[in-house]
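Chemist: The following block contains the structure, expressed as structure tokens.
2 protein chains.
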Amino acid sequence: MDAMSGKAAGKSGKAADNGPSSPRGNGRDAIMDAARDVFAERGYFGTSIRDIAKRADMSLSALYYYYSGKAELFHALIEDSLDDYFRHCEKELAQAGDDPAARLAALVRVTVDYRVRRRVESLLTLQELRYLEPEYRNPIIERRHAVSGLFQKAIDDGIAGGVFRTPHPDDARRAVMAMCNAVAQWYDPSGDLGTTELCDRYVRLAFAMLGHGETPAR
Amino acid sequence: MDAMSGKAAGKSGKAADNGPSSPRGNGRDAIMDAARDVFAERGYFGTSIRDIAKRADMSLSALYYYYSGKAELFHALIEDSLDDYFRHCEKELAQAGDDPAARLAALVRVTVDYRVRRRVESLLTLQELRYLEPEYRNPIIERRHAVSGLFQKAIDDGIAGGVFRTPHPDDARRAVMAMCNAVAQWYDPSGDLGTTELCDRYVRLAFAMLGHGETPAR
DNA sequence: GGCTTTGCCGATCGTTCGTTCGTTCTGGAA
DNA sequence: TTCCAGAACGAACGAACGATCGGCAAAGCC
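Structural data, given as structure tokens:
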């Protein structure tokens, strides 16, 4: 629960007064949306804050009014999305109860669903986070490490309880997480494959790797 | 031949005291080695060719003597490594013969082994290739696509032959490849886990996902 | 000894980068 | 009406960027 805690704040302060589609007042969101697109296209170093400002139809200085710089803007983007992930994790894990298999299934489902719902931020976190300045990066890495711990515990508990059967729980965990994370790289939102079906398939693949339901005989 | 080649002995600072023997002639390799390191650390856009030249103990212009620019240098780096991968693929597939399971196992083994042997270039190809200019990038993407085809064919043939048993061969292929590729992200060359053992484990995981050896009964 | 090629250097070009600064506009509060 | 904080602007900063150029010492060939 340590690194799991985020800043569930969301929209803070700044009253909800905004008039009808006024050019003023929605600057923060406009910048964030533009940043998401441009960072996703060109990566952290490949993106100039001028590109972001241009995409948001604002001046370069407006960006500095809301964010202290490029790094903080990028950090805010992925932290927002990570908060979302952890919220869903906690909710689904609570519903799953104590059964290790149910918990592992919930983790797979939440992760795959998140990689689809927040595809762009997922790719940024998975591929560009390492270029962020350490003071921004390290706390995020810690939070991600907590997720590994959740997967690992579900697997280890499942093995202890006899419901999973694999000689190398660490490798299994890495394989399961890798396959879930990779969804962000190929999933096509305009395709036929729905999220629910996709999650079902990945739970089945994960269970297969973990030897779930195998006969203990040998 | 491989990563052993490098910046030899010449620790000479500036051009003045150049010893008679070594510093000449190994420029190309020195630049390539430096490029590998710096690109791996900072990514494509995050790396300046000045950094590379500095790391190689050469001038900026020397880099342009051997390569036409940043893009070509990066391209040469990953194409070199990709050639290596394909060579190993062809060799092991030839040894595997026609059996789909043997072919799939060979592909998993070759891929995992490659991700370990050429860890740095693997990460560059997997994460930074997309930032390379299209005229350099597209041919490489095509070659990588061919690998997907090899995995897919082995899986499909295995299903047709009754040796594999999965309702979603595409998802299985993506999962298998994702888990193999991810090895480059966590493998620690200084750790205890040897490559052979690692490959064995991943073949077993892949077979588990593909339902290899399951009883058809239900 | 002359001539050409190879391997590399320092200086510099024009551009773009992240960031800062001073200024202006607007909508309410006093 | 005055005042002010919030929101946004254009111009400019020094540094770093990728790329180009002319030059030059050593080595190889005749």
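Protein chains in written order, with this note's numbering: chain A, 1 to 218; chain B, 1001 to 1218. For every residue, glycine included, the Cβ atom is placed at its ideal position computed from N, Cα and C. Source: prediction; values computed, not measured.
(1) Leu205/A CB to nearest chain B CB: under 8 Å?
(2) Could you list which residues in chain B have their beta carbon closer than 8 Å to that of Tyr131/A, in chain order?
(3) Which one of Ala160/A, Leu93/A, Ala34/A and Gly97/A has the shortest CA to CA distance from Leu73/A?
(4) Answer yes or no: the CB of Leu1150/B versus the heavy atoms of the ligand NAD, is any distance below 7 Å?
(5) So Gln1152/B contacts chain A; which residues on that side make the cut at Cβ distance below 7 Å?
(6) Would you decide whether Glu121/A is buried or exposed? Buried here means 16 or more other CB atoms lie within 10 Å of its CB.
(7) Just checking my contact of His1075/B with Val1110/B at CB under 8 Å: how many whole Å lie between their CB atoms?
(8) Please state whether the Cβ-Cβ distance between Glu1041/B and Ile1140/B is less than 8 Å.
(9) Report all residues from its chain with a CB closer than 6 Å to the CB of Val1038/B; omit the five preceding and five following residues, and keep chain order.
(10) Less than 8 Å between the beta carbons of Ala94/A and Met1209/B, yes or no?
(11) Answer with yes or no whether the minimum CB distance from Ala101/A to chain B is below 8 Å.
(12) State the Cα-Cα distance for the pair Arg201/A and Pro1167/B, rounded to the nearest angstrom.
(13) Between which residues of its own chain and Gly1085/B is the CB-CB distance below 6 Å, once the five residues before and five after are set aside?
(14) Excluding the 5 residues preceding and the 5 following Glu179/A in the sequence, name in chain order all residues of the same chain whose CB lies nearer than 8 Å to its CB.
(15) Against Gln127/A, what residues of chain B qualify as contacts under a CB-to-CB distance less than 7 Å, listed in chain order?
(16) At the 8 Å Cβ level, is Gly213/A part of the contact set with chain B, yes or no?
(17) Which residues, in order along the region 150-175 of chain A, keep a beta-carbon less than 9 Å from a beta-carbon of chain B?
(18) Three or more beta-carbon pairs under 8 Å between the region 1127-1136 of chain B and the region 1189-1198 of chain B, yes or no?
(19) Would Val1176/B pass as a contact of Phe1151/B if the rule is Cβ separation under 8 Å?
(20) Anything in chain A within Cβ reach of Arg1201/B, meaning under 7 Å, just list it in chain order.
(21) Taking only three categories from DSSP, how would you classify Thr1047/B?
Modeler: Quick answer:
(1) With 8 Å as the cut-off, Leu205/A counts as an interface residue toward chain B.
(2) Within chain B, the residues near Tyr131/A are Arg1042, Gly1043 and Gly1046.
(3) Of the listed residues, the one whose Cα sits closest to Leu73/A is Ala34/A.
(4) Of the ligands one can find in the structure shown there are none, so the ligand NAD has no counterpart to examine.
(5) In chain order: nothing, as chain A lies at least about 13 Å away.
(6) Under a 10 Å Cβ-count criterion, Glu121/A is classified as buried, with 16 or more other Cβ atoms of the shown protein chains found around its own Cβ.
(7) Actually they do not touch by this definition, with Cβ atoms about 23 Å apart.
(8) Taking the C-beta atoms as reference points, Ile1140/B is found no nearer than 8 Å to Glu1041/B.
(9) Residues Thr1047, Asp1051, Ile1052 and Arg1055 of the same chain have their beta carbon placed closer than 6 Å to that of Val1038/B, with the five preceding and five following residues left out of the count.
(10) If you check the CB distance, Ala94/A and Met1209/B do not come in under 8 Å.
(11) Nearest CB-CB separation between Ala101/A and chain B: not below the 8 Å threshold.
(12) Computed Cα separation, rounded: 9 Å.
(13) Per the sequence presented here, residue 1085/B reads as Tyr, with Gly not at that position. In its chain, beyond the 5 residues on either side, Tyr1114 have a beta carbon closer than 6 Å to the beta carbon of Tyr1085/B.
(14) First, the residue type needs correcting, since residue 179/A is Met and not Glu in the sequence shown. Result list for Met179/A: Tyr202, Leu205 and Ala206, in chain order.
(15) Within chain B, Gln1127 have C-beta atoms less than 7 Å from the C-beta of Gln127/A, given in sequence order.
(16) No, its Cβ sits nowhere closer than 8 Å to a Cβ of chain B.
(17) Within the region 150-175 of chain A, the qualifying residues are Thr166, Pro167, His168, Asp171, Ala172, Arg174 and Ala175.
(18) Contact between the region 1127-1136 of chain B and the region 1189-1198 of chain B is absent, because fewer than three Cβ pairs lie under 8 Å.
(19) It is a contact, given that the beta carbons lie within the stated cut-off.
(20) The answer, in chain order, is His168 and Asp171.
(21) DSSP places Thr1047/B in coil when its eight states are reduced to three.
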